[in-house]
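Just so you know, we're using our numbering here: the sequence shown kicks off at 560 and counts up by one. One structure is given here, and the rest of the page talks about it.
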Amino acid sequence: YRMWIDEDANKVINGSWKYNNKTFSVKINVYAQNDTITVPTEPGVYKDESGANYPELVEGLIPVRYDTNKKTWVKADLYKEWYDYDNQEWANAVTVVEKTTALENGHDREYYQQAEAGTPILMDDINTMWVWIPRYEYNYVSIQTAGGESSQGLSNRTVYLNPEAIEINFISGTNTQVSDESNYKMHPAFTFGEDELTGLWYGKFETSNKEKTCTAAQPSINTDCDLDIFTPEIKPGVKSWGGIRVSTAFTVSRKMETYENEYGFNSEEIDTHMSKNREWGAVAYLSQSKYGKYGKDGEEVYINNCSQHLTGMAGSTASAAEDSICANTYETFAGQKASTTGNITGVYDMNGGDWEWVMGALDDGTGKPRSGTTKNNSGFNGLLSDGSQLSDGRELPDSKYYDLYTSSDPGSSSGSLTATACDGGVCYGHALSETGGWYGDLNYHLMPAYPWFYRGGYFRGAYVNPPLGGVFNFNSDYGSAFISTSFRLVLVS
């Protein structure tokens, strides 16, 4: 480095050199860097001691923390503690409306972006809420025995009622080297196409829509709820966007990044998409680690058993029967037990609420996802179960947007075939065979007639055995529109 003073440095003034007997110094901050990494750029910016990558605060995102005294979300002070993964406190951020419609105390986006730390952010002005999932490696060897004692469940499928912690280490930057290759693997959710990610933002709640016009008891495709003209939101206490096909949900998620006026995003620097199986798995594994709810209280994430399909609700246990009252809202002590951290900073609705379609499908034999049946299908062009092709639907996206599985479950008593689902091998990190049956959760793999995964179960927790709910719960179906099936959004830089 060379330090330049100015062009008159050698100038003589009144018989002496201009800068005679003067000392100059420069302070240089040096940060380790691998590819692209977002780090605090100002001296003194807070970073916790867990080793988790600093949250990537892309344009439009406002960092927040929950103020228990004010009982509201407030703008976080980047120079003070606003997250702490060692204490199961995950980083949160929100987007806000461009122009407020709130009758009282509402503000527009410019106000919140320029506001001081500690400024309350009105829920009416928030349109999406996100939780930061930092890049990590996990112990793929010990997870094989972490399920604990097993027993036989429905259709002779093995279940594990008392799983143990998943061993996780956070990884700095976009480093691809694991600490111990014989025991650890980098979680695959942090590889997005050809890009390595420092982390990802996961929708804090199941997706809803701004218009709130989707009220059909049993929707039809291309009508009612299955329309991409609605505007996605991620908020608590609102009706989840059910009744939507996989292809429509994916289309909505991709259009979202271009709505710059709606969310304040810069479409050139982000990617919004529908959650893949591996991204669901990344949140599930983190929840079952010392950094998540398991590390806080050793308990399973409680169910959202609200039969009104409202987001961010909680039952009194992990598999409580459905409830129409829905009193345990997300910010209450009881409600926070349905979070992946056991507190308000985590992700909600991953046990119960509505089922959630994920972008994970059965290979049709040509390296592309199957579509479903002639009557019920995902809406993506592809092979149908009768051997014909759906050709008047939506085109399949780039392969980085979905997980593809090559094994089919025969649906017999032989059990799930998830152990050979990825090109004859284990789908590491996808929360399938590695955690199949944990907490007694349903674990049914894909079939030609049911080629799309959906996760988490829905509000009727104790309705059947095994319970229809759980972070590690997975099942398969057509990919079509069902009133109790929603989806989840992901944002990456």
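Beta carbons: idealized from backbone N, C-alpha and C, even for Gly. Keep in mind that this is a model prediction, so the values were computed, not measured.
With H, G and I counted as helix, E and B as strand and the rest as coil, what does DSSP make of residue i?
i     : result
I1042 : coil
Q703  : helix
M688  : strand
Y850  : coil
T810  : helix
T717  : strand
S575  : strand
Q711  : strand
Q672  : helix
N836  : helix
Y644  : helix
V842  : helix
S767  : strand
W563  : coil
Y964  : strand
F510  : Since the first residue shown for the chain is 560 and the last is 1052, residue 510 is missing from the structure and cannot be characterised.
Q948  : strand
T595  : Model confidence at T595 stands at a pLDDT of 47, short of 50, so the residue's coordinates are unreliable and nothing is read from them.
G1028 : strand
E615  : coil
D783  : coil
Between residue i and chain C, is there a C-beta pair that is closer than 7 Å?
i    : result
D783 : The structure shown has no chain C; it contains just one protein chain.
Could you please give me the residues that DSSP links to residue i through a beta bridge?
i     : result
Y1104 : Past the boundaries of the shown model lies residue 1104; the chain is included only from 560 to 1052, so the question cannot be answered.
L1050 : W760, T831
W916  : Y1013, F1046
F1033 : N1002, R1014
C981  : G984
I621  : V653
K865  : Here the sequence assigns Cys to residue 865, which means Lys is not the residue at that position. DSSP output for C865 lists D882 as bridge partner(s).
E792  : S767
S633  : The question names Ser, but residue 633 in the sequence shown is Val. Per DSSP, R624, P679.
R953  : F939
Roughly how many angstroms lie between the CA atoms of residue i and residue j, to the nearest whole one?
i     : j     : result
L845  : I788  : 34 Å
W691  : S731  : 15 Å
R561  : A568  : 14 Å
T1101 : L756  : This structure does not reach residue 1101, given that the chain is present from 560 up to 1052, and the question cannot be answered.
V585  : D565  : 14 Å
S973  : N715  : With a pLDDT of 47 at S973, under the threshold of 50, the modelled position of this residue cannot be trusted; read the value that follows with caution. Their backbone Cα atoms lie some 7 Å apart in a straight line.
W839  : H989  : 7 Å
S1035 : F1012 : 5 Å
M682  : A893  : 20 Å
F939  : S947  : 13 Å
V1051 : G919  : 19 Å
S1043 : G999  : 21 Å
G924  : N825  : 38 Å
E640  : E827  : 30 Å
N579  : Y695  : 54 Å
I702  : E618  : 37 Å
Y964  : C981  : 5 Å
E858  : L720  : 11 Å
T994  : I587  : 47 Å
G984  : V656  : 45 Å
N820  : S812  : 16 Å
D667  : N902  : 29 Å
F1041 : N936  : 11 Å
G941  : S806  : 12 Å
A724  : T904  : 20 Å
Within 10 Å of its beta-carbon, does residue i have 16 or more other beta-carbons around it, so buried, or fewer, so exposed?
i    : result
Y638 : exposed
W563 : exposed
T870 : buried
N910 : buried
P602 : exposed
K763 : buried
V604 : exposed
V571 : exposed
Q673 : exposed
A661 : exposed
S966 : buried
T582 : exposed
N698 : buried
D951 : exposed
G574 : exposed
D651 : With the sequence shown as reference, residue 651 is identified as Asn, and Asp is not the correct amino acid for it. By the neighbour-count rule (16 or more Cβ atoms within 10 Å), N651 is buried.
Comparing the CB of residue i with every heavy atom of the ligand ADP, is any distance shorter than 6 Å?
i    : result
V604 : The model on display carries no ligand, and the ligand ADP is accordingly not part of it.
For the alpha helix (DSSP H) that contains residue i, what are its first and last residues?
i    : result
Y822 : 819 to 822
Along the beta strand (DSSP E) that carries residue i, what are the first and last residues, could you check?
i    : result
K581 : That residue, K581, is in no beta strand (DSSP E); it is neither H nor E in DSSP.
N651 : 651 to 655
V906 : Neither: V906 is in no beta strand (DSSP E) and is coded neither H nor E.
V797 : No beta strand (DSSP E) contains V797, which DSSP labels as neither H nor E.
W997 : W997 -> no beta strand (DSSP E), and no H or E assigned at all.
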